[in-house]
Amino acid sequence: MIRLFSGEGPRSTILALILIVIGLALAFAPFLFPGVRALETAARICIFVVLAASYDLLLGYTGIVSFAHTMFFGLGAYGVALASTHMGRGFTALGVGTLAGLAAAVALALVIGLFSLRVRAIFFAMITLAVASAVTVLASQLSAVTGGEDGLVYQIPRALGPAMRLDLEIAGVTITGKILNYYLVFAISLALFLLMLRIVNSPFGRVLQAIRENDFRAEAIGYRVVRYRVTATCLSAGFAALAGSLWAIWLRYVGPGTTLSFEIMLDILLMVVIGGMGTIWGAALGATLMVLAQSYLQNLMALAAGATEALPILSRLLDPDRWLLWLGVLFILSVYFFPTGIVGRLRARAAR
Amino acid sequence: MSVQSEGAPAHRPTFAALSARDKLAKSAPFLLLPVLALVGLALIGTWPTWLTLTVSGLAMGMMIFVMASGLTLVFGLMDVINFGHGAFISVGAFVGISVLAGLGDWTGAASLALNIGAVLAAVIAAMAVTGALGWGFERVLVRPVYGAHLRQILVTVGGLIVIEQMIHVVWGPDEIFLTRPEMLKGVTLFAGAAIETYRLLAVVVGLVLFVAMRLVLRRTKIGLIVRAGVQNGEMVEALGYQLRLVFVGTFVAGSTLAGLGGVMWGLYQEVITAGMGEEMMILVFVVVIIGGLGSVEGAFIGALLVGLLQNYVAFLAPKLALVSNIGLMTAILMWRPEGMLPVVRAK
Chain R
1 MIRLFSGEGP
11 RSTILALILI
21 VIGLALAFAP
31 FLFPGVRALE
41 TAARICIFVV
51 LAASYDLLLG
61 YTGIVSFAHT
71 MFFGLGAYGV
81 ALASTHMGRG
91 FTALGVGTLA
101 GLAAAVALAL
111 VIGLFSLRVR
121 AIFFAMITLA
131 VASAVTVLAS
141 QLSAVTGGED
151 GLVYQIPRAL
161 GPAMRLDLEI
171 AGVTITGKIL
181 NYYLVFAISL
191 ALFLLMLRIV
201 NSPFGRVLQA
211 IRENDFRAEA
221 IGYRVVRYRV
231 TATCLSAGFA
241 ALAGSLWAIW
251 LRYVGPGTTL
261 SFEIMLDILL
271 MVVIGGMGTI
281 WGAALGATLM
291 VLAQSYLQNL
301 MALAAGATEA
311 LPILSRLLDP
321 DRWLLWLGVL
331 FILSVYFFPT
341 GIVGRLRARA
351 AR
Chain U
353 MSVQSEGAPA
363 HRPTFAALSA
373 RDKLAKSAPF
383 LLLPVLALVG
393 LALIGTWPTW
403 LTLTVSGLAM
413 GMMIFVMASG
423 LTLVFGLMDV
433 INFGHGAFIS
443 VGAFVGISVL
453 AGLGDWTGAA
463 SLALNIGAVL
473 AAVIAAMAVT
483 GALGWGFERV
493 LVRPVYGAHL
503 RQILVTVGGL
513 IVIEQMIHVV
523 WGPDEIFLTR
533 PEMLKGVTLF
543 AGAAIETYRL
553 LAVVVGLVLF
563 VAMRLVLRRT
573 KIGLIVRAGV
583 QNGEMVEALG
593 YQLRLVFVGT
603 FVAGSTLAGL
613 GGVMWGLYQE
623 VITAGMGEEM
633 MILVFVVVII
643 GGLGSVEGAF
653 IGALLVGLLQ
663 NYVAFLAPKL
673 ALVSNIGLMT
683 AILMWRPEGM
693 LPVVRAK
């Protein structure tokens with residue numbers, strides 16, 4: 001069991017309990033929480049756990065800030081979408097699209113990494129921001145290929161669609177293609193998550209942490225800092241692209257708003273920071289919390305805005321469209337006051 | 353050399369003359385501009401079109417330079433990279449345009465003096481507000497995270513989001529359309545080409561600012577301290593100067609310039625959105641990177657290159673205009689990985 005988790009346990013009883021609850025809830029989501037909306041939320045959590053964890057590989061372990069993570073996510077998603085559009089529905093299309101998206105993401109990450117990281121790490125943040133915005137604009141302008149702002153709607157294999165029903169009922173729930181699709185997403189997400197946990201707890205991961213703490217010293221010991229940083233960038237991009245492919249398979253729709261937008265980038269940042277930078281477990285916790293908050297808290301904000309309609313400024317501040325405002329405030333506060341995130345806090349408590 | 357103190361060696365130090373190649377390498381960034389302009393002329397072919405495009409490219413470049421100059425100095429001085437700089441651009445634009453809207457009588461009148469007066473009032477209001485905002489931003493957000501790049505980037509991005517959303521709260525969620533003051537509308541005929549009057553004004557304002565900034569940096573004591581601080585901050589502090597105060601001053605000055613740039617850009621585009629600062633930040637970063645972090649001259653050349661290239665490419669191959677800046681950045685970084693005129697070395 002511990003070997004499966006690569007030797008890095010949660011190291012806190014409360015954290016372990018929370019993670020077990022999350023894991024079990026996701027594993028049995030279709031049966032525990034019937035209903036379309038709950039299943040959508042569960043799938044979203046699975047995919048964003050992978051996405052946030054892959055970002056943590058870069059931000060938390062290597063200490064590099066990237067603003068292009070949604071770009072890699074989008075490359076994976078558009079890969080599947082384009083392959084499914086042009087090759088027709090089928091598992092081959094999904095496979096080809098996933099691989100093409102993965103290859104494109106890793107290649108692009110390699111180029112960006114070589115350009116910016118060999119000079120100074122701070123270039124990377126600025127260059128990724130510029131490149132990612134160019135790609136976003138490009139995706140919405142080249143409407144002949146990408147469907148522009150409307151995005152692409154395509155068909156996935158019948159076996160994964162809601163129309164397919166098995167003559168099988170488990171715990172009062174009829175097994176449909178949608179549920180099979182969910183378990184595909186869940187299984188791959190889990191595998192990717194465990195793989196990342198393995199990577200960060202390998203000697204390679206240790207070197208990344210050493211570079212984060214003191215790159216000069218790591219170089220002096222004899223590690224090629226640039227090479228490690230670029231490798232981490234490529235790995236992280238690759239995992240993000242795979243998450244994007246899963247997202248495309250689940251949604252059966254890909255557009256700039258659902259994959260490339262800056263808001264998603266902020267979501268990822270917040271997931272990693274709130275959960276705890278520098279632990280893959282933190283990414284899982286942060287992603288779960290954020291997705292749940294997004295799905296259910298925004299309704300609460302709408303209620304609050306309605307209730308305070310008489311007060312002019314307050315109701316505007318509580319408008320669901322101002323969701324980002326509160327995210328921003330939360331983000332700043334957590335960078336200041338909880339730099340180690342929830343996981344760091346819980347571990348510190350357990351260690352005392 | 354006229355006074356020789358006792359004991360000093362009685363010889364003049366001689367400097368080896370730079371070889372032609374070194375000279376060329378030193379001035380190559382400055383030569384890029386005319387080269388780009390000439391290549392543009394050759395490809396575009398007709399003189400009036402080229403002149404129109406060049407002036408609008410220069411106008412755009414000047415405005416980007418106004419926004420970028422503060423950012424690059426702040427980085428050079430304190431190694432602080434402010435991702436929230438774009439928020440000042442948006443705030444400046446919204447404050448300035450609100451003032452202009454309030455002075456409708458002045459902007460509507462066909463009198464150059466009243467029009468300029470209204471624009472000046474808008475600019476002053478915008479610069480005052482963004483300056484104050486910059487001061488608060490530095491104090492609340494940036495100061496606690498000196499020396500930690502990672503947290504700096506995260507915190508300033510958070511600041512950008514919050515300020516941008518506050519603009520939505522104050523001015524509403526919609527974009528605001530505006531019209532330029534009466535006398536700044538229309539075109540001026542110049543050397544056989546029709547050029548928008550406002551663009552000429554933008555070029556003049558940008559040039560004046562650049563010259564003024566250079567004079568302050570090269571000829572005044574405060575400029576000397578700033579330049580010395582960029583090169584070696586610790587040494588300047590060891591000499592007894594409070595670099596932190598200088599830095600706060602530079603930060604505020606940079607914020608006011610971003611506000612000015614916001615007003616200019618808003619008048620240029622004739623529409624303002626809360627997200628405009630964020631969009632401009634992309635160009636500003638490209639400019640700061642290709643110019644060399646910390647270099648005002650580099651940012652100036654970079655901004656003009658970006659402006660010119662964007663306008664030429666938009667005319668020659670509209671599809672490529674979006675990626676032209678990324679292409680430019682790639683090319684320059686392949687040639688000089690630290691930017692054209694890097695100032696801050698090995699920090």
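Residue numbers (our numbering), protein chains in the order written: chain R, 1 to 352; chain U, 353 to 699. The beta-carbon is built from N, C-alpha and C at its ideal position, and this holds for glycine as well. Given the structure is predicted, the values throughout are model-derived calculations rather than measurements.
query                                                                                                                                                                : result
Do the CB positions of U/E490 and U/F603 come within less than 7 Å of each other?                                                                                    : yes
Need the endpoints of the alpha helix (DSSP H) that R/I18 sits in, please.                                                                                           : T13 to A27
Quick check: the Cα distance between U/Y550 and U/F417, rounded to an integer number of angstroms?                                                                   : 17 Å
Among U/V514, U/M628, U/I476 and U/S408, which one has its Cα closest to the Cα of R/F331?                                                                           : U/V514
Nearest-angstrom Cα distance between U/G483 and U/V600?                                                                                                              : 11 Å
Between the alpha carbons of U/V598 and U/A610, how many angstroms are there, rounded?                                                                               : 18 Å
Between U/Q517 and chain R, is the shortest Cβ-Cβ distance under 7 Å, so that the two count as touching?                                                             : yes
Return the chain-ordered list of same chain residues with a C-beta closer than 6 Å to the C-beta of R/I22, the five sequence neighbours on each side being excluded. : T288
Do you know how far the Cα of R/V65 is from the Cα of R/T128?                                                                                                        : 9 Å
Do the region 35–46 of chain R and the region 100–107 of chain R touch if we need at least three Cβ pairs shorter than 8 Å?                                          : no
Between R/M301 and R/D267, how many whole angstroms is the CB-CB distance? I'm expecting something under 8 Å.                                                        : Not quite, the Cβ-Cβ distance comes to about 16 Å (not below 8 Å), so this is no contact.
Within 10 angstroms of its Cβ, does R/V173 collect 16 or more other Cβ (buried), or is it exposed?                                                                   : exposed
Is U/T459 buried or exposed, if buried means 16 or more other CB atoms sit within 10 Å of its CB?                                                                    : buried
Please return the same chain residues whose Cβ sits closer than 6 Å to the Cβ of R/F262, not counting the five positions on each side in sequence.                   : none
For R/F193, count neighbouring Cβ atoms within 10 angstroms of its own Cβ and tell me buried if that reaches 16, exposed if not.                                     : buried
Since U/H501 meets chain R, which of its residues come closer than 9 Å, beta carbon to beta carbon?                                                                  : G63, V65, A121, I122 and A125
Assuming contact is defined by CB atoms lying nearer than 7 Å, are U/V636 and U/A478 in contact in what I supplied?                                                  : no
For the beta strand (DSSP E) holding R/F73, just list the boundary residues, first then last.                                                                        : Where R/F73 is concerned, there is no enclosing beta strand (DSSP E), although the alpha helix (DSSP H) it sits in stretches over H69 to M87.
Looking only at its chain, what residues have a beta carbon closer than 8 Å to the beta carbon of R/T308, apart from the 5 residues adjacent to it on each side?     : L314, S315 and L318
Between the region 665–682 of chain U and chain R, which residues of the former have CB atoms less than 9 Å from a CB of the latter, in chain order?                 : K671, L674, V675, N677, I678, M681 and T682
Taking beta-carbon pairs under 7 Å, can you tell me which members of the region 622–648 of chain U lie near chain R?                                                 : I634, F637, V638 and I641
Assuming U/L541 is part of the beta strand (DSSP E), what are its boundary residues?                                                                                 : V539 to F542
Residues of chain R with CB closer than 8 Å to the CB of U/I513, please, in chain order.                                                                             : L266, L324, L325, L327, G328 and F331
Could you give the C-beta distance for R/S12 and R/M196, rounded to a whole number, given that I count them as a contact under 8 Å?                                  : Incorrect: roughly 20 Å between the Cβ atoms, too far for contact.
Helix, strand or coil: how does DSSP classify R/R165 here?                                                                                                           : strand
To test your reading of the DSSP string, which unbroken alpha helix (DSSP H) runs of 4 or more residues are found completely within the region 618–648 of chain U?   : 628–643
Just checking: is the beta-carbon of R/R316 within a distance shorter than 7 Å of some beta-carbon in chain U?                                                       : yes
Determine the closest residue to U/V555 out of U/V578, U/S607 and U/M616, with distance taken between C-alpha atoms.                                                 : U/M616
Just by C-beta distance, which residues in the region 419–440 of chain U are closer than 8 Å to chain R?                                                             : I433 and F435
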